[in-house]
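Peer 1: Line order of the protein sequences matches chains A and C. Following my numbering, the numbering of the first sequence begins with -4 at its first residue and continues without gaps. Following my numbering, the numbering of the second sequence begins with -4 at its first residue and continues without gaps. Backbone N, C-alpha and C fix where the C-beta goes; we use that ideal spot for every residue, glycine too. None of the values given here were measured: they were computed from a predicted structure.
There are 2 protein chains.
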Amino acid sequence: MVNINDVARRLGVSRSTVSYALSGKRPISDATKARVHAAIREMDFWPSAAGRALATSSTRIIALLAPMAANATPEVALQFVHGVVQACRASGYDVLMVTGEESFHSVQRLVRAKQVDGFIVLDVEESDPRTQALRDAGAVATLVGMPAEAGDLDCVDIDWAAAGSLLVEELARLGHQSICLVGAPKEAHELGMTYATRFRSGARDSAKTCGVQWVEVAAVNDFFEGVRGVETALEEHPDVTAFVVQHEAAVAPLFAALSNVGAQVPRDYSVVGISIDKLGLNFAPSVSGVRNPSREMTRAAVAMLMDRLETPGREARSLLLAPEYVDHGTAAAPKVAGTPK
Amino acid sequence: MVNINDVARRLGVSRSTVSYALSGKRPISDATKARVHAAIREMDFWPSAAGRALATSSTRIIALLAPMAANATPEVALQFVHGVVQACRASGYDVLMVTGEESFHSVQRLVRAKQVDGFIVLDVEESDPRTQALRDAGAVATLVGMPAEAGDLDCVDIDWAAAGSLLVEELARLGHQSICLVGAPKEAHELGMTYATRFRSGARDSAKTCGVQWVEVAAVNDFFEGVRGVETALEEHPDVTAFVVQHEAAVAPLFAALSNVGAQVPRDYSVVGISIDKLGLNFAPSVSGVRNPSREMTRAAVAMLMDRLETPGREARSLLLAPEYVDHGTAAAPKVAGTPK
DNA sequence: ATGAAAGCGCTAACAC
DNA sequence: GTGTTAGCGCTTTCAT
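What follows is the structure in structure tokens.
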């Protein structure tokens, strides 16, 4: 396979000339620059990643830590993976994918072997062992999610509390007086997924402020059980006219339950939630509400990381993305009181 | 950061001794081997990936080409990604994630820059441009999926035709006389996704062989439209007592449609399909049928690739995994004829 | 504007 | 069983 020596020899110039013609790190006459580029194209020369990495001590690879544990939604995880890869490629970086348990133990290995220049960390929990591993290893990293204590690490997340507020306020504005939250599974709270807790807090606070009745159901990791859960809630709280759903994937069992009692959306019930930009085949229902800004988040996360790589010393930053409401026609004013379903 | 020289100097041995003590590629006395390992642990030495890669011309990185295009199911894609990463790690390889359009153009770049040792290719279509790119670049690769012409490339896939047959036969065995296929979206067929076509063929053939009535509906990439599609099919074909669903994700709209007409599963209708091993939060229904053996597939794909890396010359292999039936309680004997729903 | 040469950290062929 | 040394392919400092 042709290397930089071959190119240099062919042109009768030195290796450094070829190198600089490519990097532009020192002036090269337009004539030779053109000749170099022509030769490179002609000989199909690609600088060896290993040689370059050894010389620069930079691999231009970013590790993506994606645990893919029991608390992540597949669609969202995939959005993030795709988004991170695209954003990194746009900056000339490749992405090393680390999943599962490896996600924790790999930090030290990858840093010490100088396999990667930095880390993007998904599904960050309240007190996430990975944050300490990253600090110990002296890694450059951006967290997607909000740990209790970010410290010197950059973070990006959705303003989940604001999202919860916004949804409840929208329903209240439409005239709903009694709202049911289909929240995250209780495991999410137990595992310290702050997004779930923050969303719930924001929603609860706004419910109180708006003076609406408030009911909560936890989503369950099973379709039929989820259906039953909603049905039970409907029986126990017949006043409920609207639902706020944390996970869009939990909308399908909700719709099934509503359908079982002969109700229609939004005629009989309004449903709002966090909707996901669809990627790939998607047979799931879309709801009005807050769009999960996965693209913006991954872009921001990668941008922060790149910035950190360029300016190693700078102080840590923390970014909360504001939610925006998108209408998909699943929310409307409630039927007037006294019109039973 | 400590390197192999530091370790050697500290012990008063040569670099090669340290290297060989680690690789085991030549006999080292137990005494020095122990001293070396102790020093490595103590000094926290990790061989630099770049140095090693440059010396061995092997990066111990595998590229995973995952287009994540409109024709993939998120849950399944994630299973594959996770499975490939785990399998590669088990063999001491890391995984470079390549998504989207990059999936095609990156082949040449990664091969020529010697960034990776091999490729795992997901969502392989009937005539996939990536196969030619891989051949042109002289890459080592295993395809997950079946192109029309694999040639010298290794492949792994599910025996989709057998899966289709098995499901229809199971329903026929239970006594169903009229079956409806909720197939892949028509885009899947148009885009040359052979899995969809092979599954349908297997199912059709068995329907003919078993002498059952056969109806087909294409899944649509939208919940409500999917519900309407099933409702229409139910009206036009009142004899149908069972459904075969290609994508488990399309089960939710099917259930919603059945619920809308007041029917229950499996009392009024049986439903079988390709069920997915759940990963992460999953609010979707599980159905009886064939389990998508994503773990086995990724394991097999990686094993084939490793084998190829060790034995560069060997002839190409092609592996079709046999489906096995798993019961989740959504299929039963039909109600006797004359008992309308 | 260009060339020469010293590394980057490791492996492996060649000594002994 | 162990040491010596020549690369692997690139970048970058020091010369000119």
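#1: Check whether the segment 262 to 273 of chain C touches the segment 229 to 238 of chain A, counting contact only when three or more Cβ pairs, one atom from each stretch, lie closer than 8 Å.
#2: In this structure, does DSSP put TYR264(A) in helix, strand or coil?
#3: Would TRP155(C) count as contacting chain A if we go by Cβ distances under 9 Å?
#4: Would you mind telling me which residues of chain A sit closer than 9 Å to TRP41(C), beta carbon to beta carbon, in chain order?
#5: How about LYS336(A): is its C-beta nearer than 9 Å to some C-beta of chain C?
#6: Interface residues of chain C around THR54(A) at Cβ under 8 Å?
#7: Run down chain C in chain order and give the residues with a C-beta less than 9 Å from the C-beta of ASP123(A).
#8: So is VAL266(C) in contact with chain A if we call contact Cβ pairs under 9 Å?
#9: For SER313(C), count neighbouring C-beta atoms within 10 Å of its own C-beta (all shown protein chains included) and say buried if the count is 16 or more, exposed if not.
#10: Compare the C-alpha of ILE35(C) against each of SER86(C), GLN110(C) and ILE(-1)(C) and name the closest.
#11: Opposite ASP149(C) in the DSSP bridges: which residues?
#12: Considering Cα atoms alone, identify which of ARG223(A), TYR320(A), ARG309(A) and MET292(A) is closest to LEU117(A).
#13: Could you pull out every residue in the same chain whose Cβ sits closer than 8 Å to the Cβ of VAL135(A), ignoring the five residues on either side in sequence?
#14: Can you give me the Cβ contacts of MET(-4)(C) inside the same chain, cut-off strictly under 6 Å, excluding the 5 residues immediately before and after it?
#15: Any contact of the segment 32 to 46 of chain A with the segment 69 to 76 of chain A, i.e. 3+ C-beta pairs under 8 Å?
#16: Of all the alpha helix (DSSP H) runs that stay within the bounds of the segment 153 to 210 of chain C, which reach a length of 4 or more residues?
#17: Just curious, the beta strand (DSSP E) that SER283(C) is in, first and last residue?
#18: Between the Cα of ILE57(C) and the Cα atoms of SER86(C), ALA245(C) and PRO42(C), which residue gives the shortest distance?
#19: Residues of the segment 63 to 74 of chain C with a CB closer than 8 Å to any CB of chain A: list them in chain order, please.
#20: What does DSSP give as the partner residue(s) for ASP89(A) in the beta ladder?
#21: Between HIS77(A), SER101(A), GLU182(A) and GLU319(A), which lies nearest to SER98(C) when the distance is taken from Cα to Cα?
#22: Please check if any C-beta of chain A sits within less than 9 Å of the C-beta of ASP217(C).
#23: Can you list the beta strand (DSSP E) stretches of 3 or more residues lying completely in the segment 224 to 281 of chain A, in chain order?
#24: Answer yes or no: does any C-beta atom of chain C fall closer than 9 Å to that of LEU276(A)?
#25: To which residues of the same chain is LEU274(C) closer than 8 Å at the C-beta, ignoring the five residues directly before and after it?
#26: So what does SER313(C) bridge to, in DSSP terms?
#27: Does the beta-carbon distance from ALA45(C) to ARG55(C) come in below 9 Å?
#28: Would DSSP call ILE23(A) helix, strand or coil?
#29: When the Cα of VAL139(C) is compared with those of ARG130(C), HIS32(C), LYS203(C) and CYS150(C), which residue comes out closest?
#30: Hey, could you find the ends of the beta strand (DSSP E) GLY7(C) is sitting in?
#31: Indicate whether LEU60(A) and VAL106(A) have their beta-carbon atoms separated by less than 9 Å.
#32: List the whole-angstrom C-beta distance separating SER196(A) from ALA143(A), where the pair is believed to meet the contact cut-off of C-beta under 8 Å.
#33: Using a Cβ-Cβ distance cut-off of 9 Å, determine whether GLN172(C) contacts chain A.
#34: Which chain A residues are close to SER338(C), counting only those with a beta carbon under 8 Å from its beta carbon?
#35: With PHE114(A) as the anchor, note down where its beta strand (DSSP E) starts and where it stops.
Peer 2: In this structure, then:
#1: no
#2: TYR264(A) carries a coil assignment under DSSP once its states are collapsed to helix, strand and coil.
#3: At a cut-off of 9 Å, the C-beta of TRP155(C) has no neighbouring C-beta in chain A.
#4: GLN103, ARG104, VAL106, ARG107, ALA108 and LYS109
#5: Legend: pLDDT at LYS336(A) = 33, less than 50; position of this residue unreliable, no value from coordinates given.
#6: ALA44 and ALA45
#7: The premise fails here: ASP123(A) is roughly 17 Å from chain C at the closest Cβ pair, so nothing lies under 9 Å.
#8: no
#9: exposed
#10: Its Cα nearest to that of ILE35(C), the residue ILE(-1)(C) stands out among SER86(C), GLN110(C) and ILE(-1)(C).
#11: THR137(C)
#12: MET292(A)
#13: ASP112, GLY113, PHE114, LEU300, ARG303, LEU304 and PRO307
#14: none
#15: No contact exists between the segment 32 to 46 of chain A and the segment 69 to 76 of chain A.
#16: 155 to 169, 181 to 185 and 189 to 205
#17: 283 to 286
#18: SER86(C)
#19: MET63, ALA64, ALA65, ASN66, ALA67, THR68, PRO69, GLU70, ALA72 and LEU73
#20: ASP89(A) is bridged to ILE56(A).
#21: Of the candidates HIS77(A), SER101(A), GLU182(A) and GLU319(A), HIS77(A) places its Cα closest to the Cα of SER98(C).
#22: yes
#23: 237 to 240 and 265 to 270
#24: yes
#25: The answer, listed in chain order, is GLU70, LEU73, GLN74 and HIS77.
#26: CYS150(C)
#27: no
#28: Note: ILE23(A) maps to coil in three-state DSSP.
#29: CYS150(C)
#30: Looking at the DSSP string, GLY7(C) is not in any beta strand (DSSP E), and its letter there is neither H nor E.
#31: LEU60(A) places its beta carbon 9 Å or farther from that of VAL106(A).
#32: 15 Å between Cβ atoms; not a contact.
#33: Residue-level contact check: GLN172(C) does not touch chain A, since none of the beta carbons of chain A fall below 9 Å from its beta carbon.
#34: Outside the shown range of chain C, which is -4 to 336, sits residue 338(C), and nothing can be said about it.
#35: 113 to 116
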